[in-house]
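Trainee: Attaching a single structure in structure tokens format; questions to follow.
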Amino acid sequence: MSAPVFPEGFGTRKRRSQMLAFAIFRILSITVVLILFLILGFIIYKGAGVLSWDFLTKAPSDGMTSGGIFPAIVGTLLLMLGSAVVAFPVGIMSGIYMNEYASRTGRLVRFIRLMTNNLSGVPSIVFGLFGMALFVKYLGFGDSILAGSLTLGLLSLPLVIRTTEEALKDIPDGIREGSLALGATKLQTIWKVVLPMGMPRIITGLILSLGRVSGETAPILFTCAAYFFPQLPTSIFDQCMALPYHLYVISTSGTDIEAQEPIAFGTALVLVIIVLIINLLAGLLRKYFEKKLKVK
Numbered sequence: 054m055s056a057p058v059f060p061e062g063f064g065t066r067k068r069r070s071q072m073l074a075f076a077i078f079r080i081l082s083i084t085v086v087l088i089l090f091l092i093l094g095f096i097i098y099k100g101a102g103v104l105s106w107d108f109l110t111k112a113p114s115d116g117m118t119s120g121g122i123f124p125a126i127v128g129t130l131l132l133m134l135g136s137a138v139v140a141f142p143v144g145i146m147s148g149i150y151m152n153e154y155a156s157r158t159g160r161l162v163r164f165i166r167l168m169t170n171n172l173s174g175v176p177s178i179v180f181g182l183f184g185m186a187l188f189v190k191y192l193g194f195g196d197s198i199l200a201g202s203l204t205l206g207l208l209s210l211p212l213v214i215r216t217t218e219e220a221l222k223d224i225p226d227g228i229r230e231g232s233l234a235l236g237a238t239k240l241q242t243i244w245k246v247v248l249p250m251g252m253p254r255i256i257t258g259l260i261l262s263l264g265r266v267s268g269e270t271a272p273i274l275f276t277c278a279a280y281f282f283p284q285l286p287t288s289i290f291d292q293c294m295a296l297p298y299h300l301y302v303i304s305t306s307g308t309d310i311e312a313q314e315p316i317a318f319g320t321a322l323v324l325v326i327i328v329l330i331i332n333l334l335a336g337l338l339r340k341y342f343e344k345k346l347k348v349k
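Structural data, given as structure tokens:
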């Protein structure tokens, strides 16, 4: 069988096409990074001058034209914690069921996966309307941290389910079979072998879901966020301020928009810092669990 004959200059044209493609990819990647730094730089430039200890530890005052954003920070953290309590157990157990117990190609799993994908594409404002109808009115929770946490938990649930399922799916079946061959039960295999191996990716997905929850405005607008609530909540049935809604309020309404503009940029900077801390925490936890897994 004779070797294929390529036209003269074929190798050169191929290398040029490859170099051109790589150059385009490199330019697009650099453009994305530059846009990110441009946005961050603009927010830091506008909001860094507002940051101070008083701004982070005091309540807003004088019609939200002065004071701080401490109640909004506390409210945001409470909503993140509440959504995690709702979404994490349900999402992780659902992912375990879909990958470990149900048939991976069965109709039920395909249906659940389809519904999960559809749920992840639903606009957040629809979750807000659903939360208002179900938790606020029908169940009688009222505008409260509980109603907001349940709504945000439903919002982040698809991400938690898919992250858990994909993390467990990448673990070779031979490891499960080896554990079962040594006499472990299926539950022991999942708890002692499968989950620890998938934990780095699972933890990363969980924390990234918190990052998404921290910036949502529409769901809490209908379920828990208060326009002006300078004191800290005392129970899960109280309303609370939250950074995304507070940013929206002082940017679009108020007694003095010009005086509130620096506070708006300061609030945006604090929210960005919280999201960055969450992302860094996700990376550190992933490395920790990977190192722990290697040691074992």
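Counting from 54, one number per residue, gives the positions in the sequence shown under this note's numbering.
A virtual CB, placed ideally from N, CA and C, is assigned to each residue, including glycine.
In this text, all values refer to a predicted model and were calculated from it rather than measured experimentally.
Quick check: what's the CA-CA separation for L205 versus T65?
Mentor: Start at 1 with the first residue of the sequence shown, and residue 205 comes out as number 152. Start at 1 with the first residue of the sequence shown, and residue 65 comes out as number 12. For L205 and T65, the distance between alpha carbons rounds to 55 Å.
Trainee: In three-state terms, what does DSSP make of S267?
Mentor: For the purposes of this step, residue 267 is taken as the residue at position 214 of the sequence shown. It is helical.
Trainee: Express the C-alpha separation of P225 and L199 in angstroms, rounding to a whole number.
Mentor: The sequence position of residue 199 within the sequence shown is 146, counting from 1. The sequence position of residue 225 within the sequence shown is 172, counting from 1. Using only the alpha carbons, I get a separation of about 40 Å.
Trainee: Mind listing, in chain order, the continuous alpha helix (DSSP H) runs of no fewer than 4 residues lying wholly within the stretch 162-213?
Mentor: The stretch 162-213 contains these whole alpha helix (DSSP H) runs: 177-184.
Trainee: Using CA coordinates, which residue listed in A279, L73, S114 is at the minimum distance from A295?
Mentor: As a first step, residue 295 is located in the sequence shown; it is residue number 242 there, counting from the start. Ranking A279, L73, S114 by Cα distance to A295 puts A279 first.
Trainee: Quick one: any contact between the stretch 227-244 and the stretch 180-190, if contact means 3 or more CB pairs under 8 Å?
Mentor: No, the stretch 227-244 is not in contact with the stretch 180-190.
Trainee: Consult DSSP for P113 and reduce its assignment to one of helix, strand or coil.
Mentor: Taking the sequence shown and counting its residues from 1, one reaches residue 113 at position 60. Three-state result, P113: strand.
Trainee: Hey, out of M133, T110, S136, G116, whose CA is closest to P124's CA?
Mentor: Here residue 124 refers to the residue found at position 71 of the sequence shown. Here the closest residue by C-alpha is T110.
Trainee: Let me confirm a value: V175 is counted as buried when at least 16 other C-beta atoms fall within 10 Å, else exposed. Which label applies?
Mentor: Your numbering for residue 175 matches position 122 in the sequence shown. Per the 10 Å Cβ criterion, exposed.
Trainee: If you count every other CB in all the chains shown that lies within 10 Å of the CB of F59, and 16 or more means buried, which is it?
Mentor: Position 6 of the sequence shown, counted from the start, is the residue given in the question as residue 59. Caution applies to F59, whose pLDDT of 48 falls short of 50 and renders its modelled position unreliable; the value that the coordinates give is listed next. Burial call: exposed.
Trainee: Locate the alpha helix (DSSP H) running through L104, then write down its first and last residues.
Mentor: Locating residue 104 in the sequence shown gives position 51, where the first residue counts as 1. Counting along the chain, L104 falls outside any alpha helix (DSSP H), and DSSP gives it neither H nor E.
Trainee: Determine whether the beta carbon atoms of P272 and S197 lie at a separation below 8 Å.
Mentor: Working through the sequence shown from its first residue, we reach residue 272 at position 219. Working through the sequence shown from its first residue, we reach residue 197 at position 144. No, they are not a contact pair.
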